[in-house]
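Notes for the one structure printed next.
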Amino acid sequence: MEPKMYAYQCTRCGELHHPRHFVCRKCGNRDFAQVPLEGEAALVTHTRVYNLPEGYMKPFLIFGIARFSNGLCVSGQLEADHPESGMKLKATVGVVKEGVGRDYYGFIFKGAD
Ligand SMILES: [Zn+2]
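Numbers given in my numbering equal positions in the sequence shown, counted from 1, plus 5.
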């Protein structure tokens, strides 16, 4: 099964959260519905990170914040040769960190053609 990422939508007011919150930041409700978080997003900002901690098999990575069409901003790795704010990205899910006996999944945003 392909890994997926989700937003958590408040069942009372509809506010979207990612990552999961215990309490809705808008109305205080504690019940959420899972909504798939996928498709296109726009790059808000990015930075290159060198000096990575153990578990990353790369010399550096590009870390970005992207906004989905539902307004939610999330962070993830960015795979684009010339990242520019506002560019269109495709949200994919993949291994962002390799651990002992466990890989960690997260967003990998790719430059959309
Ligand atoms: Zn709410």
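Glycine included, each C-beta is placed from N, C-alpha and C at the ideal position.
Asked, Found
"Cα-Cα separation between Gly69 and Pro88, rounded to whole angstroms", "9 Å"
"Contact with chain E by Gly91, beta-carbon distance below 9 Å", "Looking for chain E here will not work: only one protein chain is present."
"Heavy atom of ligand 1 within 8 Å of Arg25 beta-carbon", "no"
"Lys102 versus Ala47 - alpha carbon distance", "23 Å"
"beta-carbon Met33 near ligand 1 non-hydrogen atom, thresh 8 Å", "The sequence given here places Gly at residue 33; Met does not occur at that position. The answer is yes for Gly33."
"Contact set for Phe114: own chain, Cβ-Cβ below 8 Å, skip 5 residues either direction", "Ala46, Leu48, Gly69, Ala71, Gly81, Gln82, Leu83, Glu84, Ala85, Leu94, Lys95, Ala96 and Thr97"
"Pick from Glu59, Glu43 and Arg53 that is closest to Leu66, judged by C-alpha positions", "Arg53"
"Residue from Pro8, Gln39 and His51 whose Cα sits closest to the Cα of Gly116", "His51"
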